[in-house]
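In the numbering used here, the protein residues as written are 1022 to 1218.
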């Protein structure tokens, strides 16, 4: 059963500044006082789940329990059809310990054999958890294709190599406001808003 979220303080269970910016923009109209887990000194839990949903729920519950506040966690990544869905839940790990997504995009490019289909999709699982252990999860997906070399300085992660199925520009080239309205995160967020606000 869905639980409503009242305006007030909400922890974003992430240390990724790009995700903080995107989610803060999406939550702005709902009267939420957003604070990132990093600002509260909360540790990043080890992502041991095998699905985006499992990892999002793990992170949200850890942040809600540690902070005593409702917490929202995102687990998202790039899934490449020709790589059997990789990097998938390991998307951030493909960027290495320095979280260099230039390295991650190069790794995806090298892994694709010449002539492989370039279709891919982004997935986002958004989990909202309360300190009492209640959790709700919403998932979004956006399909597209990959390009090489990467294009654009907007966005973060794999955005500069991903082109939405209905577009010609990468997520790294389009206006961030447009990306916020059509992305995998936006689709998951629409479901969260319908259920919780």
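We treat Cβ as the ideally placed atom computed from N, Cα and C, and that holds for glycine.
| Item | Value |
| --- | --- |
| Identity of the residues DSSP links to residue 1140 by a beta bridge | 1166 |
| Beta strand (DSSP E) segment containing residue 991, residue limits | Any property of residue 991 remains undetermined from this structure, which presents the chain solely from 1022 to 1218. |
| Contact under 8 angstroms by Cβ, residue 1165 with residue 1181 | no |
| Backbone CA spacing between residue 1140 and residue 1121 [nearest angstrom] | 23 angstroms |
| Outcome for residue 982 when other beta-carbon atoms lying within 10 angstroms are tallied against a minimum of 16 | The structure shown does not extend to residue 982, since the chain is modelled only from 1022 to 1218, so the question has no answer here. |
| Coil, strand or helix - residue 1148 by DSSP | strand |
| Inter-stretch contact at 8 angstroms, needing at least 3 Cβ pairs: the stretch 1119-1138 / the stretch 1147-1163 | no |
| Member of 1214, 1217, 1154, 1176 whose CA lies at the smallest distance from the CA of residue 1089 | 1154 |
| Three or more C-beta pairs below 8 angstroms linking the stretch 1167-1180 and the stretch 1053-1062 | no |
| Same chain only: Cβ atoms within 6 angstroms of residue 1125, ignoring 5 sequence neighbours per side | 1115, 1116 |
| Cα-Cα separation between residue 1069 and residue 1186, rounded to whole angstroms | 31 angstroms |
| Rounded Cβ spacing between residue 1146 and residue 1084 (contact assumed at less than 8 angstroms) | Between residue 1084 and residue 1146 the Cβ distance is about 15 angstroms, and since that is not below 8 angstroms, they are no contact. |
| Close-in-space but distant-in-sequence residues of the same chain around residue 1212 (CB under 6 angstroms, 5 per side omitted) | 1159 |
| Anticipated Cβ contact below 8 angstroms, residue 1112 with residue 1123, distance rounded | With 8 angstroms as the limit, residue 1112 and residue 1123 do not qualify as a contact, their Cβ atoms being about 14 angstroms apart. |
| Cβ-based burial, residue 1176 [other Cβ within 10 Å; buried from 16] | buried |
| Coarse secondary structure for residue 1186, derived from DSSP in three states | coil |
| Residue(s) in a DSSP beta bridge with residue 1033 | 1057, 1093 |
| Beta carbon of residue 1135 nearer than 8 angstroms to that of residue 1205 | no |
| Residue nearest to residue 1198 in terms of C-alpha spacing, selected from 1028, 1022, 1043 | 1043 |
| According to DSSP, residues forming a beta bridge with residue 1157 | 1149 |
| First and last residue of the uninterrupted alpha helix (DSSP H) at residue 1218 | No alpha helix (DSSP H) holds residue 1218; DSSP gives it neither H nor E. |
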